[in-house]
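Asker:
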DNA sequence: GATGAATGAGCGTTCATTCAT
DNA sequence: AATGAATGAACGCTCATTCAT
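Laid out in structure tokens, this is it:
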């Protein structure tokens, strides 16, 4: 139908795969569906990607490449740790709300399965960088119950759960949690949480 | 081969399904694998369960039934909201650490897909009960950036992320996050987080 | 559910099998459906009948036994061949209209398949008896284009096609061909056809 | 194995399906058997046909398309109704004797079941056209016991029963009813039957 | 680059039948 | 006489992938 150029086909496949993996999950999505949605021949998927696994990993890599750029900017920035952590929340929220399929794909694959390695490869450095950021500003957080690692995991959990559980939350709020207004409220919640945690941490 | 009693076969199927769904996910698990692991004939699965979907829902229902009992005990308990919220964290942690597959299954299915409805049915009331518990003790949390709903989602995210991302976290800590020692540390972290959040909330 | 006596169960199975074989055909009917419709346990079918094939053959045998009684009465009757042939039409019509599933089952099984032998066993003697009846009254019909055998096949075809094609004919007439009025008209048609054929045959 | 052109495979599947459906019936024929007989991969059947039902309907549609061409030629022909009805018998006989599976498939499916609709769609117009042909030549046949509709059903029954009951008739005649000689005799029988019916009808 | 045809493997499911009670 | 549990075989169908063009 649509005659797309070479690059368009690859991009169309990636886009369709992203949408379907996000909505139904990797294993519940067939290459036939991806081909139909992207308007390309089924066999063409295997011309552009080694196999279905490689297609998922391409989707993931693409996301994490974009995300890495965002996070690097924060980490290499001058400024206080506090400011940078607040910035981190903002940027992560922005990224997730602009890439709604991303958190759902990661949600499923990080729970285990054949693509866990790829998730680990990308996510561990992010957690490490975040931990270093906290430790840089808060020396007390080297270990113990308020260690940087626990704090990072907690904030990561707070942030992404809003997106990964959005289909549950929408029944709790009777509103779309991903709508502009509700997202803004969530943003303020997260910043307040950070303030409430960091203040006593700094006082020690 | 083995002529086991009726309840044995059904239970064996449920157990095998739980393990495989937890490890690989619903769609990546075949009924043949479930049959092999549970040592029953493949057709027997469809004798005891209408279909594969119903098998997953049985697994889920079983978990949420157990969980509901636990949570009900907390909610109907006398005592301050603060005490009860701390208890909630303890019991939820206990439940998840004793049912490691549970959080992984929920993790994947709550991200969307054909079983989302079942997740919503169970999880929304839990969130609602939790929110009521917070509001009962902290009238300020009726709305706004520190609303009970946001607090519950945040703590839910903090708690479960330790389990659902355990395979990532183990590379961050170079330890098993689900080992006794690390779980204990996580528990203390969560209680401290709750203290840090509730204290200023009470002061208002 | 229903506690049926021993003979009731067997009869209930036969009745349900008759209905389902008639409506959907032997191969499209499962023993499970027969068990459900007859309100008995699935395994009980194999207690009363050797297997599914034997069940169909029981249904067929039952019909042909009833039918044989009817036809024998005609053949052994005194009276002219003409009168007896008219009577044969009446009785066959009566039998088919009272046993609507019968012609449909025969229709399908006589076209070929594993039960063809049983059909042949019952139907060949009927055709032979009919042929003898014609030849007894019309000596000219020993051979040739108006042989008794061709005449019997033709009238058999005329009679049963009204029943076996009833679901097609109902769209041709915009009426139920098996309703009382239309059946009566068909009866008169068949008698007229017989008159038109026999008259010139007698004149020779 | 064999890389045949596209049309070969499709045609081979249709041919094998026709033979097996004719011999054993739709429900008693498995896709595996069709694949084996046609020498193609089992999955290829579902590449060329949506499902097994669609395969049967393709077989049917193919037959009725051929048949429609034959019948149209008769109906649009000049000449007396009598001549055309005789021609109709000849052509229908020719068609059935050249397509022996056809009448057996129709025989079974017209008795009821999931493909009844397809049979009705094709057969009702044929009956209507035939009825119009009779009525055109014999105005008396508008209604009543010798109505065109009854006459058409009767002749249809006479014609097809020779084929659909051939496996029974062969035991009656001790000859192959579908052999050249016996078919020729049947043809003469049917023409005589038509003469015997039409003559008095014309005289009125 | 792109595609229609083709394939081996496996899917979830249902089947008729048997077994133990 | 009756039944819940169990089974091996087969069902129609879809899968990811490959091939030839």
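Protein chains in written order, with this note's numbering: chain A, 1 to 204; chain B, 205 to 408; chain C, 409 to 612; chain D, 613 to 816.
Even glycine gets a Cβ: it sits at the ideal position worked out from N, Cα and C.
Predicted model only: the values in this text are computed from it and were never measured.
Does any residue of chain B bring its CB to less than 8 Å from the CB of residue 165(A)?
Answerer: Within the first chain, residue 165(A) is the residue found at index 165, counting from 1. Residue 165(A) counts as touching chain B.
Asker: Closest to residue 449(C) by CA distance: which of 424(C), 464(C), 436(C) is it?
Answerer: Counted from its first residue, the third chain places residue 449(C) at position 41. Out of 424(C), 464(C), 436(C), 424(C) has the C-alpha closest to the C-alpha of residue 449(C).
Asker: Would you say residue 124(A) reaches chain B, if we count a Cβ-Cβ gap shorter than 8 Å as a contact?
Answerer: For the purposes of this step, residue 124(A) is identified with residue 124 of the first chain, where counting begins at 1. Taking Cβ atoms only, chain B reaches closer than 8 Å to residue 124(A), which makes this a yes.
Asker: If I measure Cβ to Cβ from residue 403(C) and keep anything under 6 Å in the same chain, skipping five residues before and after, which residues do I get?
Answerer: A query on residue 403(C) cannot be resolved here, the shown segment of chain C reaching from 409 to 612 and no further.
Asker: Check the Cβ-Cβ distances between residue 220(B) and every residue of chain A, and say whether any is below 8 Å.
Answerer: The residue labelled residue 220(B) in the question sits at position 16 within the second chain. Output row for residue 220(B): interface = no.
Asker: Determine the burial state of residue 577(C): buried for a count of at least 16 other Cβ atoms within 10 Å of its Cβ, exposed for fewer.
Answerer: Residue mapping note: residue 577(C) aligns to position 169 of the third chain, counting from 1. Result: buried.
Asker: For residue 445(C), which option in 428(C), 608(C), 574(C) has the closest C-alpha, if you only look at C-alpha atoms?
Answerer: The count along the third chain starts at 1 and reaches residue 445(C) at position 37. Among 428(C), 608(C), 574(C), the Cα nearest to that of residue 445(C) is on 428(C).
Asker: Comparing C-alpha positions only, which one of 35(A), 71(A), 193(A), 172(A) sits nearest to residue 9(A)?
Answerer: As a position in the first chain, residue 9(A) is number 9, starting the count at 1. Closest by alpha carbon: 35(A).
Asker: Jot down the residue ranges of each uninterrupted alpha helix (DSSP H) in the region 249-322 of chain B, minimum 4 residues, whole runs only, in chain order.
Answerer: Counting only runs of 4 or more, we get 256-279, 285-302, 304-313.
Asker: Does residue 732(D) have its Cβ less than 8 Å from a Cβ in chain C?
Answerer: As a first step, residue 732(D) must be located in the fourth chain, where it is residue number 120. Yes, residue 732(D) counts as interfacial toward chain C.
Asker: Considering Cα atoms alone, identify which of 559(C), 517(C), 548(C) is closest to residue 536(C).
Answerer: Counting from 1 along the third chain, the entry for residue 536(C) is found at position 128. Here the closest residue by C-alpha is 559(C).
Asker: How is the alpha helix (DSSP H) around residue 760(D) delimited, first residue to last?
Answerer: For the purposes of this step, residue 760(D) is identified with residue 148 of the fourth chain, where counting begins at 1. That run of the alpha helix (DSSP H) goes 760-776.
Asker: Restricting to Cα atoms, I'd like to know which of 58(A), 88(A), 81(A), 55(A) is closest to residue 70(A).
Answerer: Your numbering for residue 70(A) matches position 70 in the first chain. It is 88(A).
Asker: Please determine if the region 751-758 of chain D and the region 594-606 of chain C are in contact, where contact requires at least 3 C-beta pairs separated by less than 8 Å.
Answerer: With the cut-off at 8 Å, the region 751-758 of chain D and the region 594-606 of chain C touch.
Asker: Pairing CB atoms from the region 779-793 of chain D with CB atoms from the region 690-699 of chain D, are three or more of them under 8 Å?
Answerer: These segments do not touch.
Asker: What are the residues of the region 247-273 of chain B that lie near chain A, defined by any Cβ-Cβ distance shorter than 8 Å?
Answerer: Going along the region 247-273 of chain B in chain order, one finds no residue with a Cβ nearer than 8 Å to chain A.
Asker: Does the beta carbon of residue 37(A) sit closer than 8 Å to a beta carbon anywhere in chain B?
Answerer: Taking the first chain and counting its residues from 1, one reaches residue 37(A) at position 37. Chain B, which has no Cβ nearer than 8 Å to the Cβ of residue 37(A), makes this no.
Asker: Pull up the CB-CB distance for residue 24(A) and residue 317(B), whole angstroms please, since I reckon it's below 8 Å.
Answerer: Position 24 of the first chain, counting from 1, holds the residue named residue 24(A). Position 113 of the second chain, counting from 1, holds the residue named residue 317(B). Between residue 317(B) and residue 24(A) the Cβ distance is about 6 Å, and since that is below 8 Å, they are a contact.
Asker: So which of 770(D), 670(D), 744(D) has the shortest CA-CA distance to residue 705(D)?
Answerer: The residue given as residue 705(D) occupies position 93 in the fourth chain. Closest option to residue 705(D), Cα to Cα, is 770(D).
Asker: Short check: CB of residue 546(C) to CB of residue 476(C), under 8 Å?
Answerer: Position 138 of the third chain, counted from the start, is the residue given in the question as residue 546(C). Position 68 of the third chain, counted from the start, is the residue given in the question as residue 476(C). Not closer than 8 Å, so no.
Asker: Looking only at C-alpha atoms, which of 140(A), 28(A), 59(A) sits nearest to residue 211(A)?
Answerer: It is not possible to answer for residue 211(A), since the shown part of chain A is limited to 1 through 204.
Asker: With DSSP collapsed to three states, give me the class of residue 347(B).
Answerer: Reading the second chain from its first residue, position 143 is the one you call residue 347(B). Coil at residue 347(B), not helix or strand.
Asker: Rounded to whole angstroms, what is the Cα-Cα separation between residue 767(D) and residue 461(C)?
Answerer: What you label residue 767(D) is simply residue 155 of the fourth chain in a count that begins at 1. What you label residue 461(C) is simply residue 53 of the third chain in a count that begins at 1. So the two alpha carbons sit approximately 34 Å from each other.
Asker: Do residue 108(A) and residue 247(B) have their beta-carbon atoms positioned less than 8 Å apart in this structure?
Answerer: Sequence index remark: in the second chain, residue 247(B) carries index 43 (1-based). Sequence index remark: in the first chain, residue 108(A) carries index 108 (1-based). The answer is no: Cβ separation not under 8 Å.
Asker: Of the choices 72(A), 116(A), 66(A), 95(A), whose alpha-carbon is the least far from that of residue 56(A)?
Answerer: Taking the first residue of the first chain as position 1, residue 56(A) is located at position 56. Checked all of 72(A), 116(A), 66(A), 95(A); the closest Cα to residue 56(A) is 116(A).
Asker: Around the C-beta of residue 644(D), are 16 or more other C-beta atoms found within 10 angstroms, so that it is buried, or is it exposed?
Answerer: Sequence index remark: in the fourth chain, residue 644(D) carries index 32 (1-based). It is exposed - the Cβ of residue 644(D) has fewer than 16 other Cβ atoms within 10 Å.
Asker: Which residues mark the beginning and the end of the alpha helix (DSSP H) in which residue 399(B) is found?
Answerer: As a first step, residue 399(B) is located in the second chain; it is residue number 195 there, counting from the start. Where residue 399(B) is concerned, the enclosing alpha helix (DSSP H) stretches over 384-407.
Asker: I'd like to check one pair, residue 226(B) with residue 308(B): are the Cβ atoms closer than 8 Å?
Answerer: Along the second chain, one-based indexing puts residue 308(B) at 104. Along the second chain, one-based indexing puts residue 226(B) at 22. Taking 8 Å as the Cβ cut-off, residue 308(B) and residue 226(B) qualify as a contacting pair.
Asker: Classify residue 235(B) as helix, strand or coil using the three-state DSSP reduction.
Answerer: Start at 1 with the first residue of the second chain, and residue 235(B) comes out as number 31. It is helical.
Asker: Determine the contact status of residue 640(D) and residue 435(C), defining contact as a CB-CB distance below 8 Å.
Answerer: For the purposes of this step, residue 640(D) is identified with residue 28 of the fourth chain, where counting begins at 1. For the purposes of this step, residue 435(C) is identified with residue 27 of the third chain, where counting begins at 1. Contact: yes.
Asker: Among the candidates 686(D), 623(D), 687(D), whose CA atom is the shortest distance from the CA of residue 661(D)?
Answerer: Start at 1 with the first residue of the fourth chain, and residue 661(D) comes out as number 49. Per the Cα distances, 623(D).
Asker: Taking the CB atoms as reference points, tell me whether residue 708(D) and residue 772(D) lie closer together than 8 Å.
Answerer: Within the fourth chain, residue 708(D) is the residue found at index 96, counting from 1. Within the fourth chain, residue 772(D) is the residue found at index 160, counting from 1. Taking 8 Å as the Cβ cut-off, residue 708(D) and residue 772(D) qualify as a contacting pair.
Asker: Would you verify that the beta carbon of residue 542(C) is, or is not, closer than 8 Å to some beta carbon of chain D?
Answerer: As a position in the third chain, residue 542(C) is number 134, starting the count at 1. No, residue 542(C) lies away from the interface with chain D (no Cβ there is under 8 Å from its Cβ).
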